[in-house]
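The first sequence begins at 0 in numbering that gives the first Met the number 0 and counts up by one.
Each residue gets a CB set at the ideal place from its N, CA and C atoms; glycine is no exception.
Model, not experiment: these values are computed from the prediction.
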Amino acid sequence: MKQREKLSKESYKGTRDFYPEDMAVRKYIFSTMRKAVEKFGYVEYDASMIEETGLYRAKSGEEIVNEQTYSFKDRGGRDVTIRPEMTPTVARMIAKKRKELSFPLRWYSIPNLFRYERPQKGRLREHWQLNVDMFGVDSISADVEMIAVPYAIMNEFGAQNDQFVIKVNDRRITNFFLSEYLGMNETEAHDLSKLIDKKEKMPEGEFFLSAQEILGEQTEKFVAFLNIKDITALPEEFSGYETVKSLAEIIDSLADRGITNVVYDPSIMRGFDYYTGVVFEVFDTSSENNRSMFGGGRYDDLVGIFDVEKVSAIGFGAGDVIILDFLKTHNLIPGKILSVVDLCLCVFEKKYERVAQELADHLRKEGLNVSVDISERKIASQIKTADKQDVKYIICIGEDEVQTGKYKLKDMDSREEKEVAKEEIVRNMEVNNEQTRKL
RNA sequence: GUGCCUAUGGUGUAAUGGUUAGCACGGGGGUUUGUGGAGCCCCCAGUCCCGGUUCAAAUCCGGGUAGGCACCCCA
C-alpha cells in the first residue's frame, strides 16, 4: 500500500480561510463599502477571475505579467492569467459596449485579485479590492467626486479626519516639472519618477545621492520641489500651470465639502503608467500601517487601447487587507457581530424534536432564521452552544410547552424570559436578519 | 528572488542543559432524565522534521520545512 502523503490543514500560502466569525467581519466590510458607494449612485458589476494574458500585457509592465501573476496555458493552449487587478477588465467591458452604453457611468465591484509574491503585512496573494470607477466625464467635478467617495467610505466605517490623510497629485505637474523645468529627457524623467515613488522608503541622504546621479547640480531644486506641501507654492514658470490651478481647485472644493484632510504631495505618482492626470492615495495616519489603503487616479487612454473611441475614466481601488488592518488599529470593528440565526430551538428529549421542527417551519414562513438543536444532548449543553454561537433568542421545548401551547422565549443577552403563544413569537423579537448586524 | 526573526496540546503561553513538559482558554463528560449559560470534578490533546554535541536536549549547533516582517515590486 502506498504511504499517504500528509495533507496540510493550512490554507494556501497568502490566502485566507474565512471561518464564520471572519466571514461576518468581511461581510461587514463589504456591506459598508457597498452602502457608501451606492449612496453616490454607483452600480455593481463583476466578471470572471480569469482573463487572457494579453489584456495585462497591453498596459502593464512586463514584470507584472511574468513574475507577479498567476499565469498558465489552458488546455486549449491559450495564455491566461488570474486577474491581478480589475481595471483592465472593466476597461475591456466598457470598450465592448462602447456604442450602447450611455455615459457617464458609475460602476463598482469587489473582486478577489491574485498576485504571486511573498506575503507580508497588508499584502497577501489573494485579496478583495473595492473598485470604483466613473467613465465618460473628464472634469474637475468628476475628480472631486472620486476623491470624495473614499472619504465617504472611511466615514461610513466611523473613521475620524485625523485618522487618515488623502494625498493628491497630478502626474502632469510632476512630469512638467521634470521635463520642462528641469529639462530631463524621457528616460531620465521616467527614472526620476520611479525614484520619487521610493522616496519615503529611503534614507534622505541616499535619496539625494541617487537623484544627484541623474540631476547633478539641479538636485537641490528637485528636492525643494518634492518638499512643497502647498499647491499654491508651486513655481509659475513652467507650462502646465493650468493643471496646477485645477488641482488647487479640486483641493478647495473638497475642503468646501468638509473634506479637510487632503494634502498635495508631489511624491504620489502611482506605479502604473496608465494614469494620465490626477492621482491620489489614502493613508492611515498611524505609523502601524504604512501602506496606502486607497489608490487611484485618472486614466483617460486605457479604454482606447481596445481600438474604440476614447472614453475618459477615473477610479480607485481599496484593498480589504489593509482596510482591516486600519479598522483593527483604530478599534473600528463592531465588538460583537450576532449570528444570522435569530432563534435556536432546544429540546429536552428526542420525542419533542418533531414539535420543534413544526414550530421552526412555522417561524421560517414568518421570516425568521431558525435552527433546531438535534444533538440530543442535555439542555444545558444546548443552551451553552447557542450562547457560544451568539444566537440572540432560544426556546426550550418539552412536555410543558406541548401541554400548554405556550413557549418561553428567552433573550440571551438580558436573560429574560417571556411566555408567549406560537403566534406571538415573532412580534416579541428584535429581528434583523438581512445581513450582519452590529450590537 | 534577497535578508532578518520565529516555531511547545486546537488557541494563547510556562519550563538555570537535569521532576511525569506546567497553566489558561477550548472541546467532551459528570455533578443535574425540565429552567438550564455560573461553580466544582474528570477526561481529550503538545516540544515542526532530520541529523549533531552531551551522561542528559523543548532548551545548544547544523540542515530542512512552515510562518511572520522587511526589501524587490506594487494592483
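DSSP, reduced to helix, strand and coil, places F175 within a helical segment of the structure shown. Of all C-beta pairs linking the stretch 159-172 to the stretch 261-281, three or more are shorter than 8 Å, placing the two stretches in contact. Straight through space, the alpha carbons of V419 and C395 are spaced by roughly 12 Å. C-alpha of L408 to C-alpha of A90: approximately 54 Å in a straight line. Leaving aside the five residues that flank K38 on each side, the residues in its chain whose CB is nearer than 8 Å to its CB run, in chain order, A151. From the listed residues H189, F224, D229, the smallest Cα separation to I213 is found for H189. DSSP lists R105, I313 as the bridge partner or partners of M133. Taking 8 Å as the cut-off, the Cβ atoms of A147 and I249 do not count as close. G182 sits exposed, since fewer than 16 C-beta atoms from the chains shown fall within 10 Å of its C-beta.
Assigned with DSSP and collapsed to three states, H126 falls in strand. In the structure shown, Q356 adopts helical secondary structure according to DSSP, grouped into three states. G276 is positioned such that its CB atom lies closer than 8 Å to that of R170. Counting only unbroken stretches of 3 or more residues, the beta strand (DSSP E) elements lying wholly within the stretch 244-282 are 261-263, in sequence order. Annotated three-state conformation of I304 is helix, per DSSP. Apart from the 5 residues on each side of it in sequence, S285 sits with its Cβ closer than 6 Å to the Cβ of T328 in its chain, given in chain order. K391 counts as buried, since at least 16 other C-beta atoms from the protein chains shown sit within 10 angstroms of its C-beta.
By the Cβ rule, the stretch 362-372 does not count as touching the stretch 313-321, because fewer than three pairs are nearer than 8 Å. Secondary structure note for M292: its beta strand (DSSP E) is the uninterrupted segment 291-297. About 24 Å separates the CB atoms of E125 and G296; that is not less than 8 Å, and the two are not in contact. Rounded to the nearest angstrom, the Cβ distance from R33 to E51 is 29 Å, too far for a contact under 8 Å. The continuous alpha helix (DSSP H) containing F206 extends over residues 203-214.
Residue environment: G40 is assigned as exposed (fewer than 16 neighbouring CB atoms within 10 Å of its CB, all protein chains considered). Looking at P103, D410, E375, the one whose alpha-carbon comes closest to that of R353 is E375. Annotated three-state conformation of N154 is helix, per DSSP.
The criterion of a C-beta distance shorter than 8 Å is not satisfied by V346 and D386.
As for any alpha helix (DSSP H) of minimum length 4 sitting wholly inside the stretch 380-422, the runs are 398-403, ordered along the chain. Between L344 and L326, the C-beta gap is not smaller than 8 Å, which leaves the two residues out of contact. Taking all protein chains in view, the Cβ of Y107 is crowded by 16 or more other Cβ atoms within 10 Å, so the residue is classified as buried. Here DSSP, grouped into helix, strand and coil, assigns G13 to coil. Under the three-state reduction of DSSP, G318 is assigned to strand.
Measuring C-alpha to C-alpha distances from I378 to each of K26, E348, E398 identifies E348 as the nearest.
Between G294 and the set E429, N111, N174, T86, the nearest pair of CA atoms involves T86.
Ranked by Cα distance from Y11, the options L100, E43, Y115, F29 are led by Y115. Under the DSSP definition of a beta bridge, Y69 partners with I81.
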